[in-house]
Amino acid sequence: MNIKIIEGIASLAKRYDVFILDIWGVLMDGLDPYPGAAYCLENLRKHGKKIILLSNAPRQAHLVGEKLNSIGIPPRLYDDILSSGEATRLALAARRDPHIAKLGNTYFYIGPERDHGLLDGLDYAESSSLETS
Numbered sequence: 011m012n013i014k015i016i017e018g019i020a021s022l023a024k025r026y027d028v029f030i031l032d033i034w035g036v037l038m039d040g041l042d043p044y045p046g047a048a049y050c051l052e053n054l055r056k057h058g059k060k061i062i063l064l065s066n067a068p069r070q071a072h073l074v075g076e077k078l079n080s081i082g083i084p085p086r087l088y089d090d091i092l093s094s095g096e097a098t099r100l101a102l103a104a105r106r107d108p109h110i111a112k113l114g115n116t117y118f119y120i121g122p123e124r125d126h127g128l129l130d131g132l133d134y135a136e137s138s139s140l141e142t143s
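If you're matching positions, the sequence shown starts at 11 in our numbering and goes up one per residue.
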């Protein structure tokens with residue numbers, strides 16, 4: 011299998027109606043947007059393309075969107091954000107998966123403060139002790 015390396019996505023724009031783009035490493039470096047990232051999204055939108063952004067951030071999609079907006083990538087430049095944090099929150103709230111259904115309602119949080127609120131508003135209680143979780 012030969013993988014063709016391309017510079018940007020301009021050559022693909024006419025071939026596809028939907029673009030699913032990762033955020034980190036494609037649109038931004040973790041702190042700042044890459045030069046031309048917003049311009050690229052804007053051009054895709056002008057041509058009627060649907061744009062879905064992906065993130066493996068352990069945060070809800072709206073928080074990822076707030077970060078993007080703060081660095082110059084406003085919501086008008088994409089249709090939706092799918093984040094691993096959002097998927098986790100939805101799965102834990104629904105409890106449809108048999109493995110999740112077996113979980114208790116108490117958890118011990120390990121992670122940075124910026125990601126601490128993932129389960130806020132759900133039927134889970136944070137424990138300050140690992141032994142009682």
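For every residue, glycine included, the Cβ atom is placed at its ideal position computed from N, Cα and C.
Residue of the options minimising C-alpha distance to residue i
i	options	result
GLY114	ARG106, TYR134, TYR44 and VAL36	TYR134
ALA101	PRO45, GLN70, HIS57 and LYS14	GLN70
GLY58	LEU87, ALA48 and TYR44	LEU87
ILE110	SER65, MET11, ALA97 and ILE83	ALA97
SER139	ALA48, PRO122 and THR116	THR116
GLU76	MET11, GLY35, ARG124 and VAL36	ARG124
LEU51	ARG105, GLY18, PRO122 and ILE13	GLY18
First through last residue of the alpha helix (DSSP H) which encompasses residue i
i	result
LYS77	71 to 80
LEU37	Unbroken run through LEU37: none, as it is neither H nor E.
Rounded Cβ spacing between residue i and residue j (contact assumed at less than 8 Å)
i	j	result
PRO43	ILE81	5 Å
ALA67	GLY40	Rounded, the Cβ-Cβ distance is 10 Å, inconsistent with contact.
LYS56	ASP89	14 Å between Cβ atoms; not a contact.
Contact set for residue i: own chain, Cβ-Cβ below 6 Å, skip 5 residues either direction
i	result
LEU132	ALA103
ILE33	LEU63 and SER65
PHE118	SER137, LEU140 and SER143
Extent of the continuous beta strand (DSSP E) to which residue i belongs
i	result
SER137	First-last for SER137: undefined, no H or E at that position.
LYS60	60 to 65
LEU92	90 to 93
ILE30	28 to 32
Burial state of residue i, where buried means 16 or more other Cβ atoms lie within 10 Å
i	result
VAL28	exposed
ARG99	buried
LEU22	exposed
7 Å CB neighbourhood of residue i in its chain, flanking five on each side removed
i	result
GLY127	none
Cβ shell of residue i (< 8 Å), same chain only, five flanking positions each side left out
i	result
MET38	TYR44, ALA47, LEU78, ILE81 and ILE83
ASP107	ALA101
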